[in-house]
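First to last, the sequence lines map onto chains A and B.
The first sequence begins at 2 in this note's numbering and counts up by one.
The second sequence begins at 46 in this note's numbering and counts up by one.
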Amino acid sequence: MKYIDEFRDGRLARGLAAAIAAETDPEWRYAFMEFCGGHTHAISRYGVTDLLPANVRMVHGPGCPVCVLPIGRVDMAIRLALEHQVILCSYGDCLRVPASDSLSLLKARSLKSARGGDVRMVYSAADALRIAEENPARQVVFFAIGFETTTPPTAVVIKQAAVLGLKNFSVLCCHVLTPSAISSILESPEVRRWGTVPLDGFIGPAHVSTVIGSRPYEFFAEEYRKPVVIAGFEPLDVMQAILMLVRQVNEGRCEVENEFTRAVSREGNLKAQNLVAEVFELRRAFEWRGMGTIPYSALAIRREFAAFDAEKRFALEYRPVPDHKACDCGAILRGVKQPRDCKLFGTVCTPENPIGSCMVSSEGACAAYYTYGRHKELA
Amino acid sequence: MCLAIPARIEAMPNEETAIVDLGGVRKEVSLALIDDVAIGDYVIVHVGFALNKMDPQEAEKTLALFAEMGAAVAAQDEAAGNPA
């Protein structure tokens with residue numbers, strides 16, 4: 002496919018690998034965090050790590066929306082399906098996330114009793130809206146998760162529902178913000194105080210940045226003195242971004258650079274940003290898996306659209322639930338641990354039977370390691 | 046979740062909707078998030094919505110840069126007498 006295949010060319014990858022090897026300083030140990038699960042996936046799938054010199058290390062970040070969703074939020078969706086008997090529409094990735102009482106959305110659907118939940122997988126928020134139109138006698142809730150890439154489509158359907166005057170459609174809004182998560186990483190004691198997680202720079206998000214632009218990252222480059230290179234999700238994009246980060250480190254620069262110019266501008270998609278601002282407002286606080294409660298890190302539906310807010314319509318309360326004791330997802334999401342450091346990885350916890358969220362989503366570091374055999378590498 | 050793919054607009058049944066070609070599969074996507082698109086443009090498709098237009102010139106520039114990197118290293122190797 003055009004604009005995909007060219008960016009996976011093996012011959013060009015070897016050229017970029019040679020350029021990285023030639024430009025790294027053998028005396029320096031480089032550590033870069035790829036924020037996005039999309040990058041983590043590409044790095045594992047195409048074996049990018051194998052093409053890097055030994056002194057360039059990639060640290061996996063928390064940019065996987067399914068992974069950072071805490072159990073308590075999935076519980077809310079399950080309560081909607083089981084107790085409120087709504088048609089719960091969810092993106093496929095969320096269905097298998099383990100929740101309380103040994104349930105997941107998938108298991109809630111297949112409960113043997115008459116109280117089994119009506120959980121439906123949708124490809125698009127627009128599908129959820131269509132289901133509401135087709136089922137006027139039922140309440141339909143869309144379980145909206147995701148970073149800035151996925152938020153604008155949710156804004157569009159909420160506005161459409163308002164125009165259509167739908168009385169049976171609402172949204173359980175769990176949209177989160179990338180810059181808040183990056184701040185949280187940079188402010189974490191492991192990075193800031195103890196230095197146990199060395200970070201020389203970030204590979205910045207691809208598709209999130211098509212929406213928010215490259216400007217929001219300028220703060221991190223200036224304030225925290227960390228270079229950021231925005232990169233596409235194809236393996237050559239990732240390698241080029243690593244080369245650009247190596248150069249910034251070598252030259253002592255801390256700038257925001259954009260490798261993904263074919264889709265990202267400094268301003269981003271203003272139409273999408275305006276729609277999001279019209280429908281959503283900042284939540285005062287939101288709990289993330291692994292990173293705790295982060296102030297102003299997520300979105301809630303504005304009062305003007307409160308009729309479409311499932312939390313208000315069903316008087317839902319968020320109840321925090323601790324992760325499985327032995328699960329290291331939290332530390333993995335903060336870049337403190339690697340998947341193979343987790344005792345459960347590949348033994349109790351596999352993609353077929355995940356214990357933690359990082360093994361559920363294909364963008365999760367554990368799933369990426371497991372699927373592409375990275376766990377067989379020597380630590 | 047954040048995964049999205051570039052696809053060519055094949056048809057626009059109305060202002061808000063496009064039919065795109067995804068590796069041979071035709072799919073309807075919403076144009077509610079972008080302006081000024083035409084048939085033949087490449088857009089980045091995410092959960093049934095076109096998120097942004099793809100800039101073909103910038104894509105070419107990036108690819109040229111990749112090739113340049115590899116060529117520069119190969120030339121250095123050659124100069125140093127190391128066959129690639």
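Note that CB positions come from ideal geometry on N, CA and C, so glycine has one too.
The beta carbon of residue 2(A) sits closer than 7 Å to some beta carbon of chain B.
Neighbours of residue 153(A) in chain B, taken as residues whose beta carbon is under 8 Å from its own, are 78, 94, 96 in chain order. Taking a beta-carbon distance threshold of 7 Å, residue 104(B) counts as an interface residue toward chain A.
Residue 64(B) is outside the set of residues whose beta carbon lies under 7 Å from a beta carbon in chain A. Here residue 88(A) is buried. Its C-beta has 16 or more other C-beta atoms within 10 Å. Put simply, the stretch 217-226 of chain A does not touch the stretch 333-340 of chain A. Fewer than three CB pairs are less than 8 Å apart. Our two residues, residue 312(A) and residue 146(A), have alpha carbons roughly 14 Å apart in a direct line.
Between the alpha carbons of residue 319(A) and residue 74(A) lies a gap of roughly 7 Å. Using a Cβ-Cβ cut-off of 7 Å, residue 163(A) does not count as an interface residue toward chain B, since no Cβ of chain B sits closer than that to its own. For residue 327(A), the closest of 357(A), 265(A), 286(A), 306(A) by C-alpha to C-alpha distance is 357(A).
Think of a sphere of 7 Å around the beta carbon of residue 124(A): the chain B residues whose beta carbon falls inside it are 92, 93, in chain order. Secondary structure of residue 81(A) (DSSP, three-state): helix. Taking C-beta atoms as the reference points, residue 49(B) and residue 90(B) count as a pair closer than 7 Å. Per DSSP, the beta bridge partners of residue 283(A) are 300(A).
Straight-line spacing of the CA atoms in residue 273(A) and residue 99(A) works out to 32 Å.
Along the stretch 71-125 of chain A, the beta strand (DSSP E) occurs as fully enclosed runs of 3 or more residues at 88-92, 119-123, listed in sequence order.
The stretch 241-281 of chain A contains, as complete beta strand (DSSP E) runs of 3+ residues, the segments 257-259 (chain order). For the 7 Å CB-CB criterion, residue 33(A) and residue 64(A) do not form a contact.
With 16 or more other Cβ atoms inside 10 Å of its own Cβ, residue 339(A) counts as buried. Scanning chain A for C-beta atoms nearer than 7 Å to the C-beta of residue 125(B) yields nothing, as the closest lies near 10 Å away.
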